[in-house]
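Colleague: If you're matching positions, the sequence shown starts at 142 in the working numbering and goes up one per residue.
The C-beta atom is built at its ideal place from N, Cα and C for all residues, glycine as well.
I'd like to ask some things about the structure below.
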Amino acid sequence: MNFKHHLLLLILLLLPTPGLALTIGTAPVPGSSLPKGAQLEQFADYLSRQLGEKTTIREFADQATLDAWMNRFGEVDLGFVEPALVKSRPWAYPVVVEALPAGQAGSWPLVARQDLDPARAERLRQILTGMTVEKSGRELLAKLGIAAFVTHGRAPAAPAAVAAVEPAAPETLPAAPQGALEGGEDVTSSDPIAAILNAESSDQEMAAAAAADVAPGDAEPFPAVAPSAQQVTLRQAERLALEQNLSLKAQGYDLLAGVAAERKGYGIYDPLFSLTLARGKNQQRLNQLSTVSQSNTDYRIYDAGVSQQIVTGGKLGLDFTNQRTSYDFAPGVLYNPNYASELKLSLTQPLLKNFGRTVTEQAILFAVKDRQRSLEDLRNQAFTVLAGVRDAYYEVLRSRDELTYRQTSLELAQRVLKENRARVNAGVMAPIDILEAEVGVKQRERDLLDAQRQQQDALDNLALLLNSQEPVRAGDELLEVPELATDLETGFQAALAGRPDIQKRLRDMERLQIEQEVAGNQRLPGLDLSAAYSHKGLGQSYSDDWEDVSSDRFPNWQVGVTLSYPLGNRAADNEVLRNRVRLKSLQARLAQLHEEVRNEIRTAIRSLDVNRKKIEVSARGRELAEEKLRTLLKRKEVGLATTRDVLQGEDDLALARTSEITARADYNKAVTQYLRVTGELLEHEGVYFTGNLDPKSDARLMQMQN
């Protein structure tokens with residue numbers, strides 16, 4: 142074998158680089174029309190030509206196995222996944238394109254594994270969607286039974302787990318027309334209090350009155366909601382929180398930092414180029430009889446080399462060394478000056494300890510698990526923010542309605558006071574009734590102040606969650622009572638698949654399993670294979686030197702193994718034992734978390750049931766309080782009830798109304814809590830992970846469907 146053959150072999154060895162391969166997975170699904178067998182092989186050949194890299198098709202027994210090989214082991218890059226799975230877990234299945242079957246309805250998503258490079262996914266998307274404009278692509282699509290590949294243009298649809306039903310409009314007490322009672326005027330036919338109780342108003346009128354937030358008289362130390370305040374619905378508040386909440390943004394940056402760390406790990410496969418240029422002079426005294434007492438040596442060094450890490454743990458190296466040496470006194474030296482060169486190809490490969498892809502890429506694998514864990518942290522933060530916004534918004538609605546009722550209560554007390562003054566002036570009522578009415582007004586002014594403070598506190602808390610520097614106000618929404626189907630086992634299964642804290646524990650266990658595999662490898666003896674082949678040259682000129690190097694006149698080779706083993710090997714043995722114990726600890730903690738989740742779901746279901754019944758009870762209590770106040774008003778007209786009785790009846794009505802709106806707010810908060818503990822909150826609200834993991838991009842990571 143001449144030098145050219147050696148050089149060709151060297152080039153072939155150095156050309157392959159890790160990662161230049163694409164694997165597509167598929168699994169059978171009853172009723173599907175996906176291509177199989179030879180059709181998929183033709184599809185793989187087409188992608189190989191377009192991408193310039195090998196494309197492999199792997200067929201799996203079921204969708205669960207395909208999912209494991211994609212997102213757990215990372216061995217499959219793309220997969221035809223059942224549409225229902227994509228809808229149920231959109232963050233786990235970034236859709237590249239959708240295959241539209243020819244002559245059939247529906248589509249079949251082709252999804253990427255979660256850690257696939259976004260640039261690579263975009264390249265695949267361009268190739269697949271462009272098949273319809275290329276003759277060979279159209280012919281292949283016809284063979285596959287696919288009309289076209291289209292981009293994924295819609296967000297995952299949230300299942301209609303909660304269907305809002307129109308509740309009965311709560312009876313309200315809107316402001317009555319101002320009417321003064323003078324002298325002995327007959328109040329039986331034009332009683333303003335009776336008009337208030339008998340008045341009917343629509344839900345929109347009640348909401349508009351509540352939004353005004355204006356208190357009469359002296360009871361307005363807090364500013365009313367500014368007309369310029371940004372009005373937001375619940376849906377808009379959730380969207381703003383996802384876009385502007387600082388805690389969510391910070392967690393998103395942590396995720397992108399994890400992506401950068403993962404990409405950094407692949408730097409071990411970057412070829413390392415080295416270049417050495419040196420010039421020097423050696424001088425020494427001669428220990429011999431000679432006319433010259435010392436020798437001087439001039440030398441120049443020109444070395445270059447490149448090394449490459451390979452996935453099996455070994456390292457390839459190519460070194461080219463050159464040296465020019467000249468002597469002022471060198472008896473017996475053939476060439477002065479002389480040129481010496483060597484072209485050397487070397488390989489170092491561990492055979493036991495440190496052998497294998499897992500050991501070589503352990504930093505990458507750890508970074509992948511850390512990045513997946515950061516994704517769950519992001520989802521958990523989204524859960525927290527979304528739940529906080531929903532609870533804060535319901536508190537705004539509750540305090541708004543409470544403020545409306547307190548304002549109406551004050552107006553009623555003021556009208557009673559005015560009526561009593563008119564009756565006292567007419568001589569049909571004792572002056573003590575004026576004093577009682579004035580006390581009632583002051584008590585209601587105090588209650589109104591508390592209601593105003595609660596409303597402003599609720600609005601400030603909502604603005605804080607939205608990271609809004611401008612004041613906000615709620616829309617004309619009502620505290621509805623949505624129906625929600627609950628089931629312990631169904632909720633528990635949903636929690637296992639969707640709760641971020643459970644998924645984080647699973648990622649921790651997977652990371653520890655990798656550590657255990659690496660630790661087991663480190664228990665093996667160190668047995669390293671080393672091999673080298675080189676050509677050397679020597680001449681009076683560089684051309685003579687290179688002629689030797691480029692020929693087979695002076696071949697050199699060496700093959701050997703090096704064995705090393707620590708006697709006792711306590712470090713590696715105890716590391717394996719340590720990881721085994723840690724794995725048992727994680728398994729116990731995961732089992733404990735499962736029990737805690739089950740208990741949280743039971744508590745959430747119980748809270749829903751109790752608050753639903755509290756709404757029914759409080760609504761009935763409010764109806765009774767209204768009827769009681771009507772009766773007291775009629776009795777007061779004929780002198781059978783005092784002012785104190787009427788004010789006490791009005792207090793009972795205000796308390797009943799407060800209890801009802803509080804029960805409605807608590808029920809809606811309980812709905813949020815159930816969706817949170819079952820891991821369905823994001824899906825229910827149509828929030829999904831965009832899959833944009835480019836650290837250089839400022840695109841949002843969490844979005845909400847329109």
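Look up Asp439 in the DSSP assignment and say whether it is helix, strand or coil.
Modeller: The residue labelled residue 439 in the question sits at position 298 within the sequence shown. In this structure, Asp439 counts as strand in the three-state DSSP scheme.
Colleague: Which of helix, strand or coil does DSSP assign to Pro491?
Modeller: Looking up residue 491 in the sequence shown gives position 350. Three-state result, Pro491: strand.
Colleague: Throw me the rounded Cβ distance for the Leu241 and Ala168 pair, which I believe falls under 8 Å.
Modeller: Position 100 of the sequence shown holds residue 241. Position 27 of the sequence shown holds residue 168. Not a contact, Cβ separation roughly 20 Å.
Colleague: Could you give the distance in angstroms between the alpha-carbon of Arg264 and the alpha-carbon of Ala523?
Modeller: Here residue 264 is taken as the residue at index 123 of the sequence shown, counted from 1. Here residue 523 is taken as the residue at index 382 of the sequence shown, counted from 1. So the two alpha carbons sit approximately 30 Å from each other.
Colleague: So, do the stretch 199-218 and the stretch 244-260 have three or more beta carbon pairs nearer to each other than 8 Å?
Modeller: Counting Cβ pairs under 8 Å, three or more are found: they touch.
Colleague: Decide if the stretch 760-767 is in contact with the stretch 640-648; the criterion is three or more beta carbon pairs, one per stretch, under 8 Å apart.
Modeller: These segments do not touch.
Colleague: Applying the criterion that 16 or more other CB atoms from any shown protein chain within 10 Å of the CB defines a buried residue, is Gln634 buried or exposed?
Modeller: Within the sequence shown, residue 634 is the residue found at index 493, counting from 1. Flag for Gln634 reads exposed.
Colleague: Label Arg564 either buried or exposed according to how many other C-beta atoms from any shown protein chain fall within 10 Å of its C-beta, with 16 as the threshold for buried.
Modeller: In the sequence shown, the residue the question calls residue 564 occupies position 423. The residue in question, Arg564, is buried, as its Cβ has 16 or more Cβ neighbours within 10 Å.
Colleague: What residue range does the alpha helix (DSSP H) around Arg841 cover?
Modeller: Taking the sequence shown and counting its residues from 1, the one referred to as residue 841 is at position 700. It is not in any alpha helix (DSSP H) - Arg841 carries neither H nor E in the DSSP assignment.
Colleague: Counting beta carbon pairs with one atom in the stretch 500-514 and one in the stretch 649-660, are three or more of them shorter than 8 Å?
Modeller: Yes, the stretch 649-660 touches the stretch 500-514.
Colleague: On the DSSP letters alone, give me the boundaries of the beta strand (DSSP E) that Pro250 sits inside.
Modeller: Counted from its first residue, the sequence shown places residue 250 at position 109. Counting along the chain, the beta strand (DSSP E) containing Pro250 begins and ends at Trp249 to Ala253.
Colleague: Name, in chain order, the residues that DSSP records as bridge partners for Gln372.
Modeller: As a first step, residue 372 is located in the sequence shown; it is residue number 231 there, counting from the start. In the DSSP output, where bridge partners are listed per residue, Gln372 has Arg614.
Colleague: Since Asn463 sits in a beta bridge, which residues does DSSP pair it with?
Modeller: Against the sequence shown, residue 463 aligns to sequence position 322. Answer is Tyr443 and Ser482.
Colleague: When burial is assigned at 16 or more other CB atoms within 10 Å of the CB, is Ile573 buried or exposed?
Modeller: For the purposes of this step, residue 573 is identified with residue 432 of the sequence shown, where counting begins at 1. Exposed.
Colleague: Let me check one thing: in DSSP terms, what residues is Ser415 bridge-paired to?
Modeller: Start at 1 with the first residue of the sequence shown, and residue 415 comes out as number 274. According to DSSP, Ser415 bridges with Gly446.
Colleague: Is the CB-CB distance between Ser415 and Asp469 below 9 Å?
Modeller: Taking the sequence shown and counting its residues from 1, the one referred to as residue 415 is at position 274. Taking the sequence shown and counting its residues from 1, the one referred to as residue 469 is at position 328. No, Cβ-Cβ distance for Ser415 and Asp469 is not below 9 Å.
Colleague: Can you give the Cα-Cα distance for Pro224 and Thr803, rounded to whole angstroms?
Modeller: Residue mapping note: residue 224 aligns to position 83 of the sequence shown, counting from 1. Residue mapping note: residue 803 aligns to position 662 of the sequence shown, counting from 1. Taking the straight line joining both Cα atoms gives about 41 Å.
Colleague: DSSP beta-bridge partners for Val236?
Modeller: Within the sequence shown, residue 236 is the residue found at index 95, counting from 1. Bridge partners of Val236: Val252.
Colleague: If you draw a straight line from the C-alpha of Phe830 to the C-alpha of Leu383, how long is it?
Modeller: Translated into the one-based positions of the sequence shown, residue 830 becomes position 689. Translated into the one-based positions of the sequence shown, residue 383 becomes position 242. Rounded to whole angstroms, Phe830 to Leu383 spans 11 Å at the Cα level.
Colleague: State the start and end residues of the unbroken beta strand (DSSP E) segment that holds Thr164.
Modeller: By 1-based counting over the sequence shown, the position of residue 164 is 23. Ala162 to Thr167 is the extent of the beta strand (DSSP E) around Thr164.
Colleague: Would you tell me roughly how many angstroms separate the C-alpha atoms of Pro259 and Gly278, rounded to the nearest one?
Modeller: Mapped onto the sequence shown, residue 259 falls at position 118. Mapped onto the sequence shown, residue 278 falls at position 137. Spanning the two alpha carbons is a distance of roughly 23 Å.
Colleague: Along the chain, where does the alpha helix (DSSP H) containing Pro707 start, and where does it finish?
Modeller: The count along the sequence shown starts at 1 and reaches residue 707 at position 566. Looking at the DSSP string, Pro707 is not in any alpha helix (DSSP H), and its letter there is neither H nor E.
Colleague: Using 9 Å as the threshold, is the C-beta distance between Ala599 and Ala554 below it?
Modeller: Numbered from 1 along the sequence shown, position 458 holds the residue referred to as residue 599. Numbered from 1 along the sequence shown, position 413 holds the residue referred to as residue 554. No. Outside cutoff.
Colleague: Gly790: which of Asn720, Val779 and Glu768 sits nearest, CA to CA?
Modeller: Here residue 790 refers to the residue found at position 649 when the sequence shown is read from its first residue. For the residues Asn720, Val779 and Glu768, the minimum Cα distance to Gly790 belongs to Glu768.
Colleague: Do Leu192 and Ile287 come within 9 Å of each other at the CB atom, strictly closer than that value?
Modeller: In the sequence shown, the residue the question calls residue 287 occupies position 146. In the sequence shown, the residue the question calls residue 192 occupies position 51. The answer is no: Cβ separation not under 9 Å.
Colleague: So, for Leu727: in the same chain, excluding its five sequence neighbours on each side, which residues have a beta-carbon less than 8 Å away from its beta-carbon?
Modeller: What you label residue 727 is simply residue 586 of the sequence shown in a count that begins at 1. Cβ within range, chain order: Arg646, Asp649, Met650 and Leu653.
Colleague: Evaluate Thr374 with the Cβ neighbour count: other Cβ atoms within 10 Å of its Cβ, from every protein chain shown; 16 or more gives buried, anything less gives exposed.
Modeller: Your numbering for residue 374 matches position 233 in the sequence shown. Looking at its Cβ environment, which holds fewer than 16 other Cβ atoms inside 10 Å, Thr374 is exposed.
Colleague: Which of the three DSSP states, helix, strand or coil, is assigned to Thr499?
Modeller: Within the sequence shown, numbered from 1, the residue matching residue 499 stands at position 358. Helix.
Colleague: Using 10 angstroms around the beta-carbon of Phe695, count the other beta-carbons present and answer buried if the total reaches 16, otherwise exposed.
Modeller: Within the sequence shown, numbered from 1, the residue matching residue 695 stands at position 554. That one is exposed.
Colleague: Once you ignore the five residues that flank Leu704 on each side, which residues in its own chain have a CB closer than 6 Å to its CB?
Modeller: As a first step, residue 704 is located in the sequence shown; it is residue number 563 there, counting from the start. Excluding sequence neighbours, Leu704 sits near Leu668.
Colleague: Can you give the beta carbon distance from Val622 to Arg798, rounded, assuming they're within the 8 Å contact cut?
Modeller: By 1-based counting over the sequence shown, the position of residue 622 is 481. By 1-based counting over the sequence shown, the position of residue 798 is 657. With a Cβ gap of about 16 Å, Val622 and Arg798 do not count as contacting.
Colleague: In this structure, what does DSSP give as the bridge partners for Trp698?
Modeller: Here residue 698 refers to the residue found at position 557 of the sequence shown. Partner(s): Tyr674.
Colleague: In chain order, what residues of the same chain have a beta carbon less than 7 Å from the beta carbon of Leu151, not counting five sequence neighbours either side?
Modeller: Working through the sequence shown from its first residue, we reach residue 151 at position 10. Residue placement at Leu151 is flagged as unreliable, the pLDDT there being 42, under the threshold of 50; the coordinate-derived value follows with that caveat. Correct list, in chain order: Leu459 and Leu486.
Colleague: Enumerated in chain order, which unbroken segments of the alpha helix (DSSP H) with a length of 4 residues or greater are wholly contained in the stretch 770-839?
Modeller: Counting only runs of 4 or more, we get 784-818 and 822-825.
Colleague: Using only CA atoms, which one of Asp601, Glu618, Gly616 and Asp617 lies nearest to Gln610?
Modeller: Within the sequence shown, numbered from 1, the residue matching residue 610 stands at position 469. Here the closest residue by C-alpha is Asp601.
Colleague: For a test of the three-state rule: what should DSSP assign to Arg562, helix, strand or coil?
Modeller: If you number the sequence shown from 1, residue 562 lands on position 421. Helix at Arg562.
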